[in-house]
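Q:
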Amino acid sequence: MSSAHSTSNNDQTKNPISSISPVIINEQIKEKDKRIFEKWRKKLMYITGMGLTEQEKAEYKIELKNNYEEYQCPIVVFMLKSLEEAGCKIEKKHFKCLPCDNTRSGGFSPDHGILLCQNRFFSKSHAEDTMVHEMMHFYDHCRFKVDWNNCYHHACSEIRAASLSGDCRWTREIRRGFFNFTKQHQACVKRRAILSVQKNSQCSAPGVAERVVSEVFESCFNDTRPFDEIY
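Reminder that position 196 of the sequence shown reads as 195 in numbering that gives the first Met the number 0, one-by-one numbering, no gaps.
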């Protein structure tokens with residue numbers, strides 16, 4: 000009996016957790032929670048533009064740049080690698096974070112790179128989906144030499160970006176007030192592509208966007224490069 004009792008005591012002395020005060024553990028957990036909360040509080044304030052001074056915004060921008068990879072989701076990292084493998088390496092200088100009007104959450108320009116509308120994101124996933132959407136345009140422009148004045152070229156890239164970025168996942172569609180049990184993804188992709196092509200001055204005549212999207216839809220929707228499939 001004494002031997003068993005002795006073994007039990009020895010096990011306890013070898014357990015490092017038993018020697019730590021519960022108060023210390025609780026304090027460490029609280030401190031970690033505070034750091035996590037503070038990080039997301041700053042991010043939310045930066046996205047909404049509320050509560051941060053100009054100095055704090057500048058400091059937070061530096062913090063984001065210094066911890067760039069920490070803020071990326073797997074699909075963003077995949078796109079970064081795919082762009083580099085395609086000879087289209089994308090860097091921080093290609094991203095611009097600016098306030099926008101309520102008609103957009105992002106954009107792509109061959110001359111200026113990717114625009115992310117810092118005041119238009121309602122969630123982290125929305126920001127990530129927007130980033131991937133615009134990175135798809137960057138990929139198409141570099142890999143396939145898209146002529147953005149050609150309505151068919153533009154339509155194809157918009158179809159691919161809407162389909163592959165997460166822009167048409169069902170949660171986003173419900174938020175927009177669109178939901179159907181059959182082929183909702185395809186309907187969303189077509190609708191979103193038409194809206195984007197209509198904004199192109201070369202394709203703004205009545206019926207043009209609808210026609211070109213319809214004509215190239217099947218081939219462009221089925222082209223999932225650089226992904227193996229729609230995720």
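Ideal placement from N, C-alpha and C gives every residue a C-beta, glycine not left out.
Bear in mind that the values here come from a model prediction, so they are computed numbers and not experimental data.
Out of G105, F220 and F137, which has the shortest C-alpha to C-alpha gap to L97?
A: For L97, the nearest C-alpha among the options comes from G105.
Q: Can you list, in chain order, the residues of its chain with a C-beta nearer than 8 Å to that of S81? Leave out the 5 residues immediately preceding and following it.
A: Correct list, in chain order: Y138 and P225.
Q: Is the separation between the beta-carbon of A161 and that of H132 shorter than 9 Å?
A: Yes; because the gap between Cβ atoms is below 9 Å, this pair is in contact.
Q: Report back the beta-carbon spacing between I113 and F121 to the nearest angstrom; my notes put them in contact at under 8 Å.
A: Wrong, their Cβ atoms sit about 19 Å apart, outside the cutoff.
Q: Where does V76 land, buried or exposed, given buried means 16+ other C-beta within 10 angstroms?
A: V76 comes out exposed.
Q: Using a 10 Å radius around the Cβ and a threshold of 16 neighbouring Cβ atoms, would you call F178 buried or exposed?
A: Counting Cβ neighbours within 10 Å, F178 comes out exposed, since fewer than 16 surround it.
Q: Please report how far the alpha carbon of R175 lies from the alpha carbon of E84, in whole angstroms.
A: Going by the C-alpha atoms only, they are around 35 Å apart.
Q: If contacts are defined as beta-carbon pairs under 8 Å, then V196 and C150 qualify, I think. What distance do you get, rounded to the angstrom?
A: Sure, about 6 Å apart at Cβ, within 8 Å.
Q: Using the beta-carbon count (16 or more within 10 Å), is Q117 buried or exposed?
A: By the 10 Å Cβ count, Q117 comes out buried.
Q: I need the DSSP call for C150, collapsed to helix, strand or coil.
A: Three-state DSSP puts C150 in a helix.
Q: Could you pull out every residue in the same chain whose Cβ sits closer than 6 Å to the Cβ of A126, ignoring the five residues on either side in sequence?
A: Answer for A126: F120, listed in chain order.
Q: When DSSP labels each residue in this structure, what does I173 get in the three-state scheme?
A: It is helical.
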